[in-house]
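S.K.: Before I ask anything, let me first share the structure, which is written out below as structure tokens.
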């Protein structure tokens, strides 16, 4: 999922402390926030936009393209289903610790309705120079600037580090897609790669993975179909094999999910897999000479 500057964004839970802060940051960046939802405070104006009691009510007054959720874990299911029922085409679920059963229910309903979902437990999306949806530091020019490198990351912090190294190399990003760290997600790594492969602004891709799950192995199956080079970093190389690490998605499935399994799959499919995030910039610059990345 990529959110463009013209798309209209609704913030669910807009009157909360974190939502208030990040809504202001999104607006400062140029994101077109047009409305908010807070059932107990419907009728007020907050962050300069009208607040409604539900997404369906908001949709009756203003067209919506994206809804971003700043709501507690047990409120995610009803809030997300409200957006799906209202016909909002894109849904960004920032919340972590969402019950897996609730997530599965939301994703099933979204697929049936044709709604794209990113998350849960995502740091959000950034289209440098256009929009920011979530809580990534898009406002910091040392981390984000317009360019031709698409970034897919399970981790917000590692994704931020990758973007920092891209800018330090004199390059910029076409889009940042934070897919989230939960075991069940609306958008998996492979789907995000498919989005960036179709994106005309993207000329190369940085993939930030983690141990656990099989998303990187699954994504490796798509790499031979891509026309764009991929640089990858997988976190967890030194993690103890008998200990759960990091996100909820860091769960092993037989031989799949380990660092060696992911690296072997990605390298076998043609990706350049790096040992450290600091190598991302040099690797992209090496590609720039032959592939024309800007």
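In the working numbering, the protein residues as written are 1242 to 1535.
Quick reminder that beta carbons are idealized off the backbone N, C-alpha and C, glycines included.
So, do the region 1457-1465 and the region 1425-1435 have three or more beta carbon pairs nearer to each other than 8 Å?
M.R.: Contact holds: three or more Cβ-Cβ distances are below 8 Å.
S.K.: For the region 1266-1351, list the alpha helix (DSSP H) runs that are entirely contained and at least 4 residues long, ordered along the chain.
M.R.: Listed in chain order, the complete alpha helix (DSSP H) runs (minimum 4 residues) inside the region 1266-1351 are 1296-1302, 1317-1327.
S.K.: CA-CA distance, residue 1509 and residue 1503?
M.R.: On the chain shown, position 268 is the one that residue 1509 refers to. On the chain shown, position 262 is the one that residue 1503 refers to. So the alpha carbons of these two residues sit roughly 10 Å apart.
S.K.: Who pairs with residue 1249 in a beta bridge, going by DSSP?
M.R.: Working through the chain shown from its first residue, we reach residue 1249 at position 8. Answer is 1273.
S.K.: I need the straight-line Cα distance from residue 1418 to residue 1382, nearest angstrom please.
M.R.: Your numbering for residue 1418 matches position 177 in the chain shown. Your numbering for residue 1382 matches position 141 in the chain shown. Distance between the alpha carbons of residue 1418 and residue 1382: 18 Å.
S.K.: For the alpha helix (DSSP H) that contains residue 1407, what are its first and last residues?
M.R.: The residue you call residue 1407 lines up with position 166 of the chain shown. Segment 1397-1409, the alpha helix (DSSP H) holding residue 1407.
S.K.: Using three-state DSSP, classify residue 1383 as helix, strand or coil.
M.R.: Numbered from 1 along the chain shown, position 142 holds the residue referred to as residue 1383. Reduced to three states, the DSSP call for residue 1383 is coil.
S.K.: Cβ of residue 1340 within 8 Å of Cβ of residue 1369?
M.R.: As a working note, residue 1340 is residue 99 in the chain shown. As a working note, residue 1369 is residue 128 in the chain shown. Not in contact: residue 1340 and residue 1369 (Cβ atoms no closer than 8 Å).
S.K.: Between the alpha carbons of residue 1422 and residue 1316, how many angstroms are there, rounded?
M.R.: Locating residue 1422 in the chain shown gives position 181, where the first residue counts as 1. Locating residue 1316 in the chain shown gives position 75, where the first residue counts as 1. Distance between the alpha carbons of residue 1422 and residue 1316 is about 19 Å.
S.K.: With DSSP run on the structure shown, which of helix, strand or coil describes residue 1461?
M.R.: What you label residue 1461 is simply residue 220 of the chain shown in a count that begins at 1. The answer is helix: DSSP assigns residue 1461 an H, G or I state.
S.K.: In three-state terms, what does DSSP make of residue 1614?
M.R.: Because the chain here runs from 1242 to 1535, residue 1614 falls outside it and cannot be looked at.
S.K.: When the Cβ atoms of the region 1328-1343 are set against those of the region 1265-1279, are three or more pairs found closer than 8 Å?
M.R.: Result no; under three Cβ-Cβ pairs closer than 8 Å.
S.K.: For residue 1437, does the three-state DSSP call read helix, strand or coil?
M.R.: Reading the chain shown from its first residue, position 196 is the one you call residue 1437. Here residue 1437 sits in helix by DSSP.
S.K.: Between which two residues does the beta strand (DSSP E) harbouring residue 1416 extend?
M.R.: Working through the chain shown from its first residue, we reach residue 1416 at position 175. Unbroken beta strand (DSSP E) run through residue 1416: 1414-1419.
S.K.: Does the beta-carbon distance from residue 1477 to residue 1406 come in below 8 Å?
M.R.: Locating residue 1477 in the chain shown gives position 236, counting from the first residue. Locating residue 1406 in the chain shown gives position 165, counting from the first residue. No.
S.K.: Just mark residue 1441 as buried or exposed, buried being the case when its beta carbon has 16 or more other beta carbons within 10 Å.
M.R.: On the chain shown, residue 1441 is found 200 positions in, with the first residue counted as 1. Exposed, by the Cβ-count rule.
S.K.: Check this for me: beta carbons of residue 1321 and residue 1310, under 8 Å apart or not?
M.R.: For the purposes of this step, residue 1321 is identified with residue 80 of the chain shown, where counting begins at 1. For the purposes of this step, residue 1310 is identified with residue 69 of the chain shown, where counting begins at 1. A contact, by the Cβ cut-off of 8 Å.
S.K.: Do you know how far the Cα of residue 1410 is from the Cα of residue 1526?
M.R.: Residue 1526 sits at position 285 when you count from the first residue of the chain shown. Residue 1410 sits at position 169 when you count from the first residue of the chain shown. Using only the alpha carbons, I get a separation of about 7 Å.
S.K.: Alpha carbon to alpha carbon, how far is residue 1472 from residue 1307? Give it in angstroms, no decimals.
M.R.: For the purposes of this step, residue 1307 is identified with residue 66 of the chain shown, where counting begins at 1. For the purposes of this step, residue 1472 is identified with residue 231 of the chain shown, where counting begins at 1. Approximately 29 Å between the Cα atoms of the pair.
S.K.: Are there 16 or more other CB atoms within 10 angstroms of the CB of residue 1259, so buried, or fewer, so exposed?
M.R.: As a working mapping, residue 1259 is identified with position 18 in the chain shown. Exposed, by the Cβ-count rule.
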